[in-house]
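Visitor: Residue numbers (numbering that gives the first Met the number 0), protein chains in the order written: chain A, 0 to 294; chain B, 0 to 294; chain C, 0 to 394; chain D, 0 to 394.
No residue lacks a Cβ here, since even glycine has one placed at the ideal position from N, Cα and C.
Treat the numbers as computed from the prediction; the structure is a model and nothing was measured.
Attaching a single structure in structure tokens format; questions to follow.
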Amino acid sequence: MKLTPESKVLIQGLYELSSSTHAVRMKAYGTNVVAGINPGHGGQTLGDIPVFDLVEQALAEVGPVDTTIIFVPPYQALDAALEAIAAGIKQIIIISAGMPPLDMVHLLRIAEATETLIVGPNSPGIIVPAKILLGTHASEFYTPGEVGIVSRSSTLTYEIALQLTTAGLGQSIGVSIGSDTIIGSSFLQWLQILDEDETTQAIVLIGEPGGNSEEAAARYIAEAIDKPVIAYITGRQAPAGKHWGHTGNLAAVVGRGANVGTAQSKLAAFKEAKVAIAQRPSEIPELVKKALKKG
Amino acid sequence: MKLTPESKVLIQGLYELSSSTHAVRMKAYGTNVVAGINPGHGGQTLGDIPVFDLVEQALAEVGPVDTTIIFVPPYQALDAALEAIAAGIKQIIIISAGMPPLDMVHLLRIAEATETLIVGPNSPGIIVPAKILLGTHASEFYTPGEVGIVSRSSTLTYEIALQLTTAGLGQSIGVSIGSDTIIGSSFLQWLQILDEDETTQAIVLIGEPGGNSEEAAARYIAEAIDKPVIAYITGRQAPAGKHWGHTGNLAAVVGRGANVGTAQSKLAAFKEAKVAIAQRPSEIPELVKKALKKG
Amino acid sequence: MDLLEYQAKEWFREMGIPVLPSQRIDRPSDLKGLKIPYPVVLKSQVRTGGRGRAGGVKFVENTIDAIAAAQTIFHLPILGEFPEVLLAEAKYDAEREFYLAVVLDAAVRRPVLLGSPQGGVDVESSPELLQQVVVEQEFSPFYARRLTLKMGLTGTLIQSVSDIIEKMYQLFVQKDLDLVEINPLGVSSLDEVMALDGKVTVNDRAIARHPDIAVMAEKKANRANSQYPTAMLGSWEEVEPSGNIGILGNGAGLVMATLDLVTDAGSKPATCLNVGHGRNLNTSPLAFCDRLALGLEFLYQSKNIKVVLVNIVGSVPTALEIASVITNFIQRHEDRPPASKTRSHPYPGLIVRLADLELEAAREQLKTVQVPLVENLDEAVEQTVRLAKVNAAKR
Amino acid sequence: MDLLEYQAKEWFREMGIPVLPSQRIDRPSDLKGLKIPYPVVLKSQVRTGGRGRAGGVKFVENTIDAIAAAQTIFHLPILGEFPEVLLAEAKYDAEREFYLAVVLDAAVRRPVLLGSPQGGVDVESSPELLQQVVVEQEFSPFYARRLTLKMGLTGTLIQSVSDIIEKMYQLFVQKDLDLVEINPLGVSSLDEVMALDGKVTVNDRAIARHPDIAVMAEKKANRANSQYPTAMLGSWEEVEPSGNIGILGNGAGLVMATLDLVTDAGSKPATCLNVGHGRNLNTSPLAFCDRLALGLEFLYQSKNIKVVLVNIVGSVPTALEIASVITNFIQRHEDRPPASKTRSHPYPGLIVRLADLELEAAREQLKTVQVPLVENLDEAVEQTVRLAKVNAAKR
């Protein structure tokens with residue numbers, strides 16, 4: 000994972016919906032956005048960001064790129080990611096929401112074979128406060144510090160960053176892996192990255208109903224993570240199957256327990272792994288402070 | 000390329016048409032045929048060859064296998080080869096004739112990614128006289144010796160092996176790469192293998208109309224092959240486009256020269272590369288003898 | 000989107016998966032024109048399970064019995080759902096019944112093939128017999144054969160059942176499914192196979208790229224006679240009919256967190272609405288501010304909602320822009336008080352919680368319509384709960 | 000198998016590639032029921048190129064002219080081929096014409112996208128403008144965009160032409176094609192695109208796995224009214240109508256080598272027949288011996304063939320088995336001399352060359368019908384050529 004301010008960043012789908020706004024915000028935050036891609040708009044510029052028709056054209060001009068951020072419409076996101084992989088880009092963040100999961104299955108087979116990191120889809124990406132913004136995080140809520148946040152949500156992640164910032168606790172990295180059924184990078188990968196990251200002293204994990212990635216994370220924390228972890232799971236009171244559009248749920252099928260994917264199952268897993276659990280967002284800063292004092 | 004008599008060999012499609020006959024012939028020739036695959040026939044035996052339903056079941060029983068030989072019907076050959084690759088087999092010989100070329104395109108993308116050697120399809124495979132028979136070569140025409148044969152034909156290859164044998168010239172390896180539009184191993188690969196093979200002292204290359212692989216081979220011989228090569232191209236007198244079922248021809252399309260794929264174009268390429276050209280099969284032994292005396 | 004059995008079987012037939020001769024019955028009188036010879040099975044076409052036990056499946060031997068049975072089934076709700084249509088199907092004598100499914104597995108991030116030699120109603124009771132094969136790389140038929148061998152099949156059944164699985168997988172990929180299930184797959188005494196019941200779930204995200212499925216989805220939506228343009232609005236869910244609080248937020252996680260806080264504080268939310276843009280599956284989404292206004296309108300229409308809590312964090316419009324939308328909304332409603340016909344109850348109270356760097360202008364804006372702006376989430380929840388109690392006591 | 004333009008365009012329409020309104024014309028009177036407004040283009044549906052220059056394409060303004068033009072075109076052979084049908088199509092004003100193709104490239108072993116900004120008849124004259132993109136891994140639309148940029152397209156044409164290429168590629172894969180070509184792709188003054196002419200070649204190997212194409216192939220075969228069951232027989236080709244030697248061998252390479260030798264020796268082969276099993280595309284192939292017998296029958300039916308040379312090397316049946324087939328064949332013909340109706344010429348001479356370890360028994364067998372067995376290929380060719388001269392001199 001290369002997350003330094005010098006990293007070269009590409010934006011695919013520069014003219015889609017709000018992406019030009021976000022491109023400008025990223026630049027303003029210090030992110031080295033070297034080019035944008037929009038077929039049919041090659042030769043134009045947005046602010047001082049040059050626009051190209053194809054990824055390979057951009058790379059011929061600006062040299063190798065570390066990360067690309069994909070904003071294209073959801074049915075075009077697979078193609079955009081494959082274009083980036085074919086051009087040799089090794090870190091891909093997919094902001095686009097609404098990608099069909101079988102497109103992700105296809106992409107992940109290829110990403111695994113080419114050792115490409117995919118973050119998302121339907122993710123606000125990554126922020127290293129005061130250093131680099133790779134995505135759509137509301138950067139104003141973050142301050143530099145020692146707490147790593149890994150989450151499946153977007154606005155809830157900003158909420159918790161704000162709570163930490165308000166309590167005087169800065170953040171080392173904030174990442175949302177997305178909450179779709181099929182996503183690229185996992186809680187496990189990010190727990191490992193945050194565990195190895197020298198700046199990070201404590202980790203906040205934010206989960207929600209659907210899938211079983213929190214359960215896997217809980218087991219992994221118990222086995223492999225040395226730094227203190229505080230877990231917060233939302234959706235405890237949500238009726239079963241109601242998730243306001245998040246589709247992390249598994250299809251109902253024989254052989255899968257009825258309890259799979261509920262907040263209760265996730266909370267039980269963290270409890271069993273002896274991970275500190277916050278009942279509400281405002282409890283997180285207290286628990287982080289307690290954990291940091293102990294450490 | 001592992002071509003020793005100890006190599007473990009699998010046969011996929013053991014009960015297809017003539018494949019059981021060929022399996023028995025291979026065993027009799029000394030080939031170490033360890034298992035056959037035929038879904039629905041698992042648990043049976045053919046002679047002393049145990050039959051399994053799945054490749055992975057066979058491998059669990061007999062251990063890793065060096066080469067698999069595929070005899071299944073042409074529309075099932077892609078699946079059989081992918082099953083072998085998934086089981087970790089690195090050398091695949093496809094005897095089956097009639098495989099659609101797009102199946103081969105699909106297979107070769109995967110074979111290249113997994114570094115799997117594919118010989119064929121529509122190939123009689125490989126023979127190392129008196130050592131190992133991997134396929135359907137008429138082994139009775141071969142004798143051990145110093146001449147490597149690489150060809151696109153089947154019976155014409157036996158014809159030339161017979162002519163060499165009759166002239167007292169044994170063979171080191173005989174291989175037919177197949178004459179389909181899309182094939183696995185190429186003339187270039189085999190020229191390189193034969194050039195490096197210690198037993199081989201001269202190489203006979205047998206080509207025919209269709210495609211441009213002979214032209215590529217001619218250039219490669221001029222550049223990279225040290226051993227003497229004798230080329231024989233059949234189909235000089237065949238009317239354009241008539242190839243008796245061999246489909247190595249490229250589709251007629253704008254931007255391709257009219258002469259592409261003709262025997263004349265191939266002969267010109269070998270002439271330019273200063274490779275000895277035999278006018279007829281019976282001339283080959285003379286030219287080989289002449290070349291070996293020189294060497 | 001779940002398909003009904005008869006729709007799933009139409010797809011099976013197109014793919015070459017063997018299904019019994021069958022006929023769709025829209026009304027009992029359709030049975031007079033039945034083209035399948037008796038005896039026939041009549042099956043209630045509902046999306047819920049357990050219809051057999053509930054009396055939604057009946058064997059009939061002649062037209063008179065069939066019409067009577069159809070009338071009964073049409074009037075029999077199964078877990079609250081009345082069938083729109085029935086399926087009349089030939090009878091089949093299965094000697095054995097298998098279970099087969101292709102499903103997307105989020106944990107391994109791959110499709111998974113599932114199979115059990117104990118299908119039908121027994122499949123749930125013998126989970127240890129359920130076998131699975133992960134489709135690691137692109138599908139090839141050997142994955143299907145692998146499953147049949149794990150299921151313990153031998154001889155010609157290996158190929159015939161593998162062929163069915165292969166076709167199920169093709170359907171899965173072609174139609175962007177979350178699930179395709181055959182339960183049971185009937186096996187005759189001659190080892191012939193037949194898909195006796197089927198379940199298909201289409202992935203909601205992919206519907207728009209399949210014109211045929213989009214038509215089915217539209218019909219289904221029309222049938223549900225939905226009053227609100229929810230697809231344009233964002234995602235909403237009724238949480239608890241007896242609740243009296245409406246929650247509107249941007250982002251599913253944030254909405255759920257707010258729901259948890261309100262419930263923990265002892266109140267009952269009635270409806271939660273996510274107007275965040277991320278999850279809007281509509282291809283021509285409204286701007287955020289339009290969704291916000293529509294969402295407020297939607298919650299205001301609900302009779303039992305006494306308080307609406309708006310919780311918006313770090314959206315692209317600024318806090319001031321959001322405050323303006325809310326202010327305009329309130330003013331519009333104050334100008335035109337509800338007609339007695341459409342609304343017999345007073346408007347709910349409104350608590351607005353915004354998180355942004357600069358809130359003063361927004362606060363001033365909201366003051367003009369007497370709406371408090373709260374910065375702290377816990378405090379916003381506390382005020383909401385308090386106001387809900389006051390408003391509930393009022394009436 | 001090459002499709003006719005109207006068949007290619009039907010597929011284009013199914014894929015969503017824009018084509019003009021058109022109508023198939025089976026006879027001139029069909030033009031009375033024409034549903035396309037005049038002016039209209041009538042196009043001869045033949046598989047050969049250059050029909051425009053040959054007069055096979057005519058613009059017509061009204062029904063009377065159209066019927067007259069259709070009558071002319073129906074009676075106009077193009078490179079020897081009469082059209083079975085015509086295509087009546089609306090006129091289109093193209094400002095520019097592009098060339099697009101997807102073709103399988105044997106050298107790189109991948110499909111290749113081809114495109115030129117100079118389409119129509121000009122494409123051959125400016126080969127330097129022809130661009131290509133190899134589809135290295137599985138197709139994704141960016142390969143198509145890559146081609147459009149190499150072609151020098153800009154603005155909205157990048158997307159609209161890429162969309163066409165993507166659909167051509169889908170067709171290529173779905174139908175197992177060797178080639179799909181649009182030439183020209185018309186571009187209007189508003190940058191709208193239209194496939195004005197199309198060429199599609201289906202891979203012969205794959206026909207049997209596409210039921211729709213198999214039906215087309217069967218119709219085509221019936222239309223050609225072929226006398227011989229060539230698909231069951233193996234591959235055969237007429238080499239030179241004026242030749243007088245028939246060659247029958249097992250394996251394409253061997254047949255071609257034999258053809259070369261006979262021609263080099265100064266004789267003219269008329270027909271060559273490959274009865275090797277490798278290339279038999281029929282899904283239920285005859286056993287080798289049956290194909291051999293059928294093949295001999297086929298060559299014996301040919302009036303101009305004076306000598307048949309059989310050259311069989313290392314087949315699965317033994318030399319003795321092959322000799323028996325030949326002996327039986329000769330005896331059958333000697334028993335029943337040809338009726339004057341079906342055959343007005345004497346049977347050709349026969350030279351049999353077999354290569355096998357043990358030939359004595361076969362030689363003895365063939366002696367019973369006075370057929371010589373030759374071991375050496377050059378000698379067999381020599382005898383064949385000598386016998387052909389003798390037989391030719393006889394009559």
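1. Cβ of Ile48 of chain B within 8 Å of Cβ of Ala22 of chain B?
2. Could you tell me whether the segment 112–121 of chain B touches the segment 89–104 of chain B, where touching means 3 or more Cβ pairs closer than 8 Å?
3. In the structure shown, what three-state DSSP assignment does Asn273 of chain C receive?
4. Compute the Euclidean distance between the alpha carbons of Thr229 of chain D and Val306 of chain D, then round it to the nearest angstrom.
5. Quick check on the burial criterion: 16 or more other C-beta atoms within 10 angstroms. Buried or exposed for Arg145 of chain C?
6. Could you tell me the distance, in whole angstroms, from the CA atom of Val8 of chain B to the CA atom of Ile148 of chain A?
7. For Ile224 of chain A, which option in A:Asp179, A:Thr135, A:Gly167, A:Leu193 has the closest C-alpha, if you only look at C-alpha atoms?
8. Pick out whichever of D:Phe171, D:Ala68, D:Tyr346 has its Cα sitting closest to the Cα of Glu137 of chain D.
9. With burial defined as no fewer than 16 other Cβ atoms inside 10 Å of the residue's Cβ, what is the status of Lys226 of chain A: buried or exposed?
10. Provide the residue(s) that pair with Ser150 of chain B in DSSP beta bridges, ordered along the chain.
11. Considering only residues of the same chain and omitting the five flanking positions on each side of Ile182 of chain B, which have a CB-CB separation below 6 Å?
12. Closer than 7 Å: is that where the CB of Ser264 of chain B sits relative to any heavy atom of the ligand COA?
13. What does Pro110 of chain D touch in chain B if you count any residue whose Cβ is under 9 Å from its own?
14. Considering only the alpha carbon of each residue, which of D:Gly248, D:Val368, D:Gly54 lies closest to Leu353 of chain D?
15. State the beta-bridge partners of Phe97 of chain D as determined by DSSP.
16. Hey, could you find the ends of the beta strand (DSSP E) Thr67 of chain A is sitting in?
17. Name the DSSP beta bridge partners of Leu113 of chain D, please?
18. In terms of residue numbering, what span does the alpha helix (DSSP H) encompassing Val18 of chain C cover?
19. What residue range is occupied by the uninterrupted beta strand (DSSP E) comprising Lys7 of chain B?
20. Is it the case that the segment 117–124 of chain C contacts the segment 181–200 of chain C, given that we only count it when at least three CB pairs across the two stretches are under 8 Å?
21. What did DSSP end up calling Tyr231 of chain A once you bin it into helix, strand or coil?
22. Interface residues of chain C around Glu285 of chain A at Cβ under 8 Å?
23. Nearest by alpha-carbon distance to Leu53 of chain A: which of D:Phe141, D:Leu260, D:Glu378 is it?
24. Residues in its own chain within less than 7 Å of Glu359 of chain C by CB, not counting five upstream and five downstream?
25. Please report the distance separating the alpha-carbon of Leu386 of chain C from that of Lys393 of chain C.
26. Pro140 of chain D versus chain A: which residues are under 7 Å apart at the beta carbon?
27. What residue range does the beta strand (DSSP E) around Phe140 of chain A cover?
28. Using CA atoms only, rank isn't needed, just tell me which of B:Ala85, B:Val146, B:Ala86 is closest to Ile202 of chain B.
29. Please report the Cβ distance between Gly209 of chain A and Ser178 of chain A, rounded to the nearest whole angstrom; I am assuming they are in contact, meaning their Cβ atoms lie under 8 Å.
30. Going along the segment 38–66 of chain A in order, which residues come within less than 9 Å of chain D, judged by CB to CB distance?
31. Give the range of the alpha helix (DSSP H) segment to which Ile92 of chain A is assigned.
32. On a Cα-Cα basis, can you pick out the residue from B:Val71, B:Glu5, B:Tyr28 that is closest to Gly35 of chain B?
33. Using 10 angstroms around the beta-carbon of His74 of chain C, count the other beta-carbons present and answer buried if the total reaches 16, otherwise exposed.
34. Need the endpoints of the alpha helix (DSSP H) that Lys90 of chain D sits in, please.
35. Do you know whose CA, among A:Pro100, A:Pro123, A:Ile283, lies nearest Ile68 of chain A's CA?
36. Go through its chain and collect everything with a Cβ distance to Ala217 of chain A's Cβ below 8 Å, but skip five positions before and after it.
Guide: The answer reads as follows:
1. yes
2. yes
3. strand
4. With a pLDDT of 47 at Thr229 of chain D, under the threshold of 50, the modelled position of that residue is not reliable, and the figure given next carries that caveat. One C-alpha to the other measures close to 21 Å.
5. buried
6. 54 Å
7. A:Leu193
8. D:Phe171
9. buried
10. B:Ser175, B:Ile205
11. Ile176
12. In the structure shown, the ligand COA is absent, as is every other ligand, since no ligand is present at all.
13. Leu101, Val104
14. D:Gly248
15. D:Leu184
16. 66–69
17. D:Ala100, D:Gln131
18. Premise fails: Val18 of chain C is in no alpha helix (DSSP H) and is neither H nor E.
19. 7–11
20. yes
21. strand
22. The contacting residues do not exist; Glu285 of chain A stays about 13 Å from chain C at best.
23. D:Phe141
24. none
25. 10 Å
26. Asp78
27. Phe140 of chain A -> no beta strand (DSSP E), and no H or E assigned at all.
28. B:Val146
29. 7 Å
30. Pro38, Gly39, His40, Gly41, Gly42, Asp52, Leu53, Val54, Glu55, Gln56
31. Run containing Ile92 of chain A: none in the alpha helix (DSSP H); it sits in the beta strand (DSSP E), 90–93.
32. B:Val71
33. exposed
34. No alpha helix (DSSP H) holds Lys90 of chain D; DSSP gives it neither H nor E.
35. A:Pro123
36. Ala230, Lys265, Ala268, Phe269, Glu271, Ala272, Val274
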